[in-house]
Ligand SMILES: [Zn+2]
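Encoded structure:
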């Protein structure tokens, strides 16, 4: 009986396919091109993503500025922690944040109000701590998305829920003794296992406290970089006190940091803040893509694509990379991309696929074969 039932299932499926493909109003016309559109896993079709983070308070110290210069000179980016107390510290940072960090896209992750163990706080105290932090970050014009727990103490569910209730979208852990699985969104995963317990690789010189489970130098980092790309995953590296050779907590040498940057740059990574990668994943998962195809005497003339995630556009403004199949008659043709978004976008007409970037705010992007576009412009004048 069971076997008979199993045999019936494929037959039933086949009936459905035949019903929809050969008859009725859904019958596709030979001339109608059906697009295959999707959001690529990572921005600009990179193989993997990486966020380099510096869990080290004074972003405006001489030492930090030396770090920032090495990062920015290579076209990369690094995140800094943000603690909202005491006030005189962030007041002293405000000018530097405004004049240097924001224009150079150096972003921050929330780190609470005080640098204390948030697992030891009540749920309400955790909410208060991260809410204060969020408020000060917003007042300085910073993007508030990602956070990390002071001392990595986000082990309690109450702490994680408190961080979420304060309005952050992701939380990074810190486990110097664990580097077994730092890969986020490996392979087919589309949502992290726990948005508020993201793993990280702890970068720490062996001379700090002989901790071999931390990543001690570039040579040890390389296999993790390669594995991240092999899994099309997202890796977060956490540094403390880069360039300090004294006993500052968790220090890491500048020489190794620079060679880490070189190894990252040599690979196909989307190097982005935890904020931007978090936003990309949220938007990608909620993006609804609709398309309409304009057909002329020579086949497909224009494809209009609308991408909408139904999220608040003031925060969720990370562009997504859209991939679509190129109609046969477009292979080798010049394609013009027309939309109101001022974000840069890229087209890679590699014979079968076409890519462009757009913010998922409901805007329609028009992809037009150039000769058709010229005709439209003339008609409108
Ligand atoms: Zn910290």
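Numbering (our numbering), first residue to last: 4 to 384.
For glycine and all other residues, C-beta sits at the position ideal for the given N, C-alpha and C.
*Just mark residue 364 as buried or exposed, buried being the case when its beta carbon has 16 or more other beta carbons within 10 Å.*
By 1-based counting over the chain shown, the position of residue 364 is 361. Flag for residue 364 reads buried.
_Status (buried if at least 16 other CB within 10 Å, exposed otherwise) for residue 324_ = In the chain shown, residue 324 corresponds to position 321, counting from 1. The residue is buried, with at least 16 neighbouring Cβ atoms inside 10 Å.
*Please find out if some non-hydrogen atom of ligand 1 comes closer than 8 Å to the beta-carbon of residue 153.*
Counted from its first residue, the chain shown places residue 153 at position 150. Checking every heavy atom of ligand 1 against the Cβ of residue 153, one is found closer than 8 Å.
*Verify the contact flag: residue 118, CB atom, against every heavy atom of ligand 1, threshold strictly below 8 Å.*
In the chain shown, residue 118 corresponds to position 115, counting from 1. True, at least one ligand heavy atom lies under 8 Å from that Cβ.
*Since residue 57 is in the alpha helix (DSSP H), which residue starts that stretch and which ends it?*
Counting from 1 along the chain shown, the entry for residue 57 is found at position 54. Counting along the chain, residue 57 falls outside any alpha helix (DSSP H), though it belongs to the beta strand (DSSP E) covering 51-57.
*Helix, strand or coil: which one does DSSP assign to residue 64?*
Position 61 of the chain shown, counted from the first residue, corresponds to residue 64. Residue state, collapsed to three classes: coil.
*asked:* DSSP three-state label for residue 117, please.
replied: If you number the chain shown from 1, residue 117 lands on position 114. Here residue 117 sits in coil by DSSP.
*In the structure shown, what three-state DSSP assignment does residue 109 receive?*
Looking up residue 109 in the chain shown gives position 106. Three-state result, residue 109: coil.
*Can residue 321 and residue 289 be called in contact, C-beta distance under 9 Å?*
Against the chain shown, residue 321 aligns to sequence position 318. Against the chain shown, residue 289 aligns to sequence position 286. Not closer than 9 Å, so no.
*Please state whether DSSP places residue 101 in a helix, a strand or coil.*
If you number the chain shown from 1, residue 101 lands on position 98. Helix, per DSSP.
*asked:* For a test of the three-state rule: what should DSSP assign to residue 25, helix, strand or coil?
replied: Walking along the chain shown from the start, residue 25 turns up at place 22. Per-residue confidence for residue 25 stands at a pLDDT of 36, beneath the threshold of 50, marking its modelled position as unreliable; the derived number appears in the next sentence. In the structure shown, residue 25 sits in a helix (DSSP, three-state: H, G or I).
*Any heavy atom of ligand 1 closer than 8 Å to the Cβ of residue 121?*
The residue given as residue 121 occupies position 118 in the chain shown. No, the beta carbon of residue 121 sits no closer than 8 Å to any heavy atom of ligand 1.
_Buried or exposed, going by whether 16 or more other CB atoms sit within 10 Å of the CB of residue 252?_
Numbered from its first residue, the chain shown carries residue 252 at position 249. Its Cβ having fewer than 16 others within 10 Å, residue 252 is exposed.
*Nearest-angstrom Cα separation, counted from residue 159 out to residue 129*: Walking along the chain shown from the start, residue 129 turns up at place 126. Walking along the chain shown from the start, residue 159 turns up at place 156. Residue 129 and residue 159: Cα-Cα distance of roughly 11 Å.
*Whole runs of the alpha helix (DSSP H) within the region 246-322, excluding any shorter than 4 residues*: 257-268, 277-289
*Counting along the chain, where does the beta strand (DSSP E) carrying residue 188 start and finish?*
One-based indexing of the chain shown puts residue 188 at position 185. Residue 188 -> no beta strand (DSSP E), and no H or E assigned at all.
*Is it buried or exposed for residue 72, if we count other Cβ within 10 angstroms and need 16 for buried?*
Sequence index remark: in the chain shown, residue 72 carries index 69 (1-based). Residue 72 should be labelled exposed.
*Tell me where the alpha helix (DSSP H) around residue 141 begins and ends.*
Here the question's residue 141 lines up with position 138 in the chain shown. Note, residue 141: alpha helix (DSSP H), 126-142.
*Below 8 Å CB to CB, which residues in the same chain sit around residue 95 once its five sequence neighbours on both sides are set aside?*
On the chain shown, position 92 is the one that residue 95 refers to. Closer than 8 Å at the Cβ level, and outside the excluded window around residue 95, lie 63.
*Spatially closest choice to residue 74 from 295, 46, 55, 86, by CA coordinates*: Here residue 74 is taken as the residue at index 71 of the chain shown, counted from 1. The residue with the shortest Cα to Cα distance from residue 74 is 55.
*Are the beta-carbon atoms belonging to residue 342 and residue 367 less than 9 Å from one another?*
Along the chain shown, read from residue 1 onward, the residue named residue 342 stands at position 339. Along the chain shown, read from residue 1 onward, the residue named residue 367 stands at position 364. The answer is yes: Cβ separation under 9 Å.
*With contact counted as at least three CB pairs below 8 Å, one residue from each stretch, are the region 146-162 and the region 182-195 in contact?*
no
*Curious, which full-length beta strand (DSSP E) runs of at least 3 residues does the region 197-246 contain?*
Those beta strand (DSSP E) runs which fall completely within the region 197-246 and span 3+ residues are 204-206, 237-242.
*My understanding is that residue 267 touches residue 53, with C-beta atoms under 8 Å, so please give their C-beta distance in whole angstroms.*
On the chain shown, residue 267 is found 264 positions in, with the first residue counted as 1. On the chain shown, residue 53 is found 50 positions in, with the first residue counted as 1. Contact flag correct, Cβ pair sits at about 6 Å.
*In three-state DSSP terms, what is residue 155?*
In the chain shown, the residue the question calls residue 155 occupies position 152. The answer is helix: DSSP assigns residue 155 an H, G or I state.
*Looking at residue 178 and residue 203, is the spacing between their C-beta atoms short of 9 Å?*
Translated into positions along the chain shown, residue 203 becomes position 200. Translated into positions along the chain shown, residue 178 becomes position 175. Going by C-beta atoms, residue 203 is nearer than 9 Å to residue 178.
*Closer than 8 Å: is that where the CB of residue 58 sits relative to any heavy atom of ligand 2?*
Ligands in the displayed structure: ligand 1; ligand 2 is not one of them.
*Leaving out five residues on either side along the sequence, give the residues of the same chain with a beta carbon under 8 Å from the beta carbon of residue 304.*
Numbered from its first residue, the chain shown carries residue 304 at position 301. 297, 298, 371, 372, 375, listed in sequence order.
*Return yes when the Cβ of residue 216 is within less than 9 Å of the Cβ of residue 181, no when it is not.*
For the purposes of this step, residue 181 is taken as the residue at position 178 of the chain shown. For the purposes of this step, residue 216 is taken as the residue at position 213 of the chain shown. Taking 9 Å as the Cβ cut-off, residue 181 and residue 216 qualify as a contacting pair.
*At which residues does the alpha helix (DSSP H) containing residue 165 begin and terminate?*
In the chain shown, the residue the question calls residue 165 occupies position 162. Counting along the chain, the alpha helix (DSSP H) containing residue 165 begins and ends at 160-168.
_Whole angstroms are fine: how far does the CA of residue 329 sit from the CA of residue 369?_
Looking up residue 369 in the chain shown gives position 366. Looking up residue 329 in the chain shown gives position 326. Cα to Cα, residue 369 sits roughly 14 Å from residue 329.
*Hey, out of 40, 48, 77, 39, whose CA is closest to residue 261's CA?*
Looking up residue 261 in the chain shown gives position 258. Of the listed residues, the one whose Cα sits closest to residue 261 is 77.
*Take residue 85 and list the residues in its own chain whose beta-carbon comes closer than 8 Å to its own, dropping the five residues that flank it on each side.*
Taking the chain shown and counting its residues from 1, one reaches residue 85 at position 82. Excluding five sequence positions before and after residue 85, the CB atoms of its chain that fall closer than 8 Å to its own CB belong to 93, 111, 112, 113, 114, 136, 139, 140, 145, given in chain order.
*Ends of the beta strand (DSSP E) at residue 338?*
Numbered from its first residue, the chain shown carries residue 338 at position 335. Start and end: 338-341.
_For residue 239 and residue 255, believed in contact at Cβ under 8 Å, the rounded distance_ = As a first step, residue 255 is located in the chain shown; it is residue number 252 there, counting from the start. As a first step, residue 239 is located in the chain shown; it is residue number 236 there, counting from the start. So it is not a contact: roughly 15 Å between Cβ atoms.
*Under the three-state reduction of DSSP, which class applies to residue 146: helix, strand or coil?*
By 1-based counting over the chain shown, the position of residue 146 is 143. It is coil, neither helix nor strand.
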